[in-house]
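Comments concern the structure below.
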Amino acid sequence: MLSKVKIPLHDMLSSVLALEDSALDVDQVENLIKFCPTKEEMETLKGYKGEKEKLGRCEQFMLELMQVPRIESKLRVFSFKIQFEAQVSELGRSLNIVNSAADQIKGSSKLKRIMQTILSLGNALNQGTARGSAVGFRLDSLLKLTETRARNNKMTLMHYLCKVLFDKLPELLDFSKDLSSLEPCTKIQLKFLAEEMQAISKGLEKVVQELSMSENDGVVSENFRKALKEFLCYAEGEVRSLAQLYSGVGRNVDSLILYFGEDPARCPFEQGNV
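Its first residue numbered 1, the sequence shown is counted upward by one per residue in full-length UniProt numbering.
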């Protein structure tokens, strides 16, 4: 692993303490984290009184890392900073896609008419039974469109729906044009969005904690504190905006669920799939 470290450790630590993400990438920082000594290793190395050159390369590496107070915490904060913009950008993009898809579904008059047609077909199919005068249906009932077959077993209710639309309501056939965000939205897991939002929020908390603790580090962390304060000022605004977007999307998804007569509590935003 150490053979992959091409930059002198002193230079790397200087970049870490200055939070210079142009000097190190996230893989290099994650590799450094792997070399951070455990408490037991730190105690052993602190008790070593011999010549440094007689230690193995790995132990020498650890000794250098130990010169920086809470080096592992600082490296994790640095890793968070390096990935921050990409994480926030990707999460924001996904949230906007979900938001757009929810708006498009609720706003599509063509989709609404198709759903009304499905209800009419279902009532016709169930005529003479207690279900023959339904005023609505559960969304999971749509799965039955491909399962319900004619007596000859050749045509499903989905086939018949398409025939009705083609023969009597051809203007509805291009309804998918109203739903341009739906296809990319199907690739997004709402649970993943919740996990990402939580990870970013927790990462920011770690930044605040390390900034507070580094106040007692002395001169060695002076540049680190200055750079971290600048990053924190910027990151807090970004996360605040992202959290507002996240909450707004949650409300919009709940509104969509209610639009279809379903219960948002049965499909909470933080646990569902689009």
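Backbone N, C-alpha and C fix where the C-beta goes; we use that ideal spot for every residue, glycine too.
Give the straight-line distance between the Cα atoms of arginine 266 and serine 214, rounded to the nearest whole angstrom.
The count along the sequence shown starts at 1 and reaches residue 266 at position 266. The count along the sequence shown starts at 1 and reaches residue 214 at position 214. C-alpha separation (whole angstroms): 45 Å.
Give the DSSP-derived three-state secondary structure of glutamine 198 in the structure shown.
For this step, residue 198 is matched to residue 198 along the sequence shown. It is helical.
CA-to-CA distance, aspartate 25 to isoleucine 82, given in whole angstroms:
The sequence position of residue 82 within the sequence shown is 82, counting from 1. The sequence position of residue 25 within the sequence shown is 25, counting from 1. Going by the C-alpha atoms only, they are around 7 Å apart.
Mind checking whether arginine 76 and isoleucine 33 have CB atoms under 8 Å apart?
For this step, residue 76 is matched to residue 76 along the sequence shown. For this step, residue 33 is matched to residue 33 along the sequence shown. Against a cut-off of 8 Å, the Cβ pair of isoleucine 33 and arginine 76 comes out as a contact.
What's the call for residue 288, buried or exposed, on a 16-neighbour Cβ count within 10 Å?
Residue numbering for the chain in the displayed model covers 1 to 274; residue 288 lies beyond these limits and cannot be assessed.
Span separating the alpha-carbon of lysine 187 from that of leucine 139:
For the purposes of this step, residue 187 is taken as the residue at position 187 of the sequence shown. For the purposes of this step, residue 139 is taken as the residue at position 139 of the sequence shown. Cα to Cα, the separation comes out at about 20 Å.
Of the residues Ala130, Val135 and Ser108, the one placed nearest serine 120, counting alpha carbons only
Residue mapping note: residue 120 aligns to position 120 of the sequence shown, counting from 1. The option with the nearest alpha carbon to serine 120 is Val135.
Enumerate, from N- to C-terminal direction, the unbroken alpha helix (DSSP H) stretches of 4 or more residues contained entirely within the segment 98-139.
109-125
How do the segment 238-248 and the segment 199-209 stand: do at least 3 beta-carbon pairs fall below 8 Å, yes or no?
yes
Pick from Asn123, Leu169 and Ala124 that is closest to isoleucine 114, judged by C-alpha positions:
By one-based count along the sequence shown, residue 114 stands at place 114. Closest by alpha carbon: Leu169.
Span of the alpha helix (DSSP H) around asparagine 184
What you label residue 184 is simply residue 184 of the sequence shown in a count that begins at 1. It should be pointed out that residue 184 corresponds to proline in this sequence rather than to asparagine. It spans 182-185 - the alpha helix (DSSP H) in which proline 184 sits, taken as one unbroken run.
For the putative contact between asparagine 216 and leucine 17, defined by C-beta atoms under 8 Å, what is the C-beta separation to the nearest angstrom?
As a working note, residue 216 is residue 216 in the sequence shown. As a working note, residue 17 is residue 17 in the sequence shown. Not confirmed; about 15 Å, so no contact.
What do you reckon, are the CB atoms on serine 94 and leucine 193 nearer than 8 Å?
Locating residue 94 in the sequence shown gives position 94, counting from the first residue. Locating residue 193 in the sequence shown gives position 193, counting from the first residue. Their beta carbons are under 8 Å apart, which means serine 94 touches leucine 193 by this criterion.
Whole-number beta carbon distance between tyrosine 259 and lysine 106, since they are thought to touch under 8 Å:
In the sequence shown, residue 106 corresponds to position 106, counting from 1. In the sequence shown, residue 259 corresponds to position 259, counting from 1. That belief holds up - the Cβ atoms of lysine 106 and tyrosine 259 are roughly 5 Å apart, short of 8 Å.
When DSSP labels each residue in this structure, what does arginine 149 get in the three-state scheme?
Reading the sequence shown from its first residue, position 149 is the one you call residue 149. Residue state, collapsed to three classes: strand.
Should leucine 228 be labelled buried (16 or more other beta-carbon atoms within 10 Å of its own) or exposed?
Taking the sequence shown and counting its residues from 1, the one referred to as residue 228 is at position 228. Looking at its Cβ environment, which holds 16 or more other Cβ atoms inside 10 Å, leucine 228 is buried.
Secondary structure at glutamine 60, three-state DSSP: helix, strand or coil?
Taking the first residue of the sequence shown as position 1, residue 60 is located at position 60. It is helical.
Sufficient close CB pairs (3 or more, under 8 Å) joining the segment 204-212 to the segment 49-67:
no
Residue ranges of each alpha helix (DSSP H) within the segment 204-259, 4 or longer:
Those alpha helix (DSSP H) runs which fall completely within the segment 204-259 and span 4+ residues are 222-259.
Where does residue 288 fall in DSSP's three states?
As displayed, the chain neither begins before 1 nor continues past 274, which places residue 288 out of reach and without an answer.
Let me check understanding here. Comparing Cα to Cα, which of Phe137, Asp178 and Ile118 lies closest to histidine 159?
As a first step, residue 159 must be located in the sequence shown, where it is residue number 159. Per the Cα distances, Ile118.
Out of curiosity, what's the CA-to-CA distance linking cysteine 185 and arginine 57?
Position 185 of the sequence shown, counted from the first residue, corresponds to residue 185. Position 57 of the sequence shown, counted from the first residue, corresponds to residue 57. Computed Cα separation, rounded: 50 Å.
Own chain, CB closer than 7 Å to lysine 74, minus 5 neighbours either side, in chain order:
Here residue 74 corresponds to residue number 74 of the sequence shown, with the count starting at 1. Result list for lysine 74: Val16, Val68, Glu210 and Phe224, in chain order.
Go to serine 176, then tell me how far its alpha helix (DSSP H) extends in each direction, as first and last residue.
To locate residue 176, count along the sequence shown from 1; it is residue 176. Per DSSP, serine 176 belongs to no alpha helix (DSSP H) and is neither H nor E.
What three-state label does DSSP hand glutamine 189 in the structure shown?
Taking the first residue of the sequence shown as position 1, residue 189 is located at position 189. Note: glutamine 189 maps to strand in three-state DSSP.
Note down the Cα distance separating glutamine 87 from asparagine 123, rounded to an integer number of angstroms.
Position 87 of the sequence shown holds residue 87. Position 123 of the sequence shown holds residue 123. Roughly 48 Å between the two C-alpha positions.
Look at the alpha carbon of phenylalanine 166 and the alpha carbon of phenylalanine 175, and state the distance between them as a whole number of angstroms.
As a first step, residue 166 is located in the sequence shown; it is residue number 166 there, counting from the start. As a first step, residue 175 is located in the sequence shown; it is residue number 175 there, counting from the start. Cα-Cα distance, rounded: 12 Å.
Continuous alpha helix (DSSP H) stretch holding residue 327: start and end:
Outside the shown range of the chain (1 to 274) lies residue 327, about which nothing can therefore be said.
Among the residues of its own chain, which have a CB less than 8 Å from the CB of serine 255, if the five just before and after it don't count?
Position 255 of the sequence shown holds residue 255. The answer, listed in chain order, is Ala102 and Lys106.
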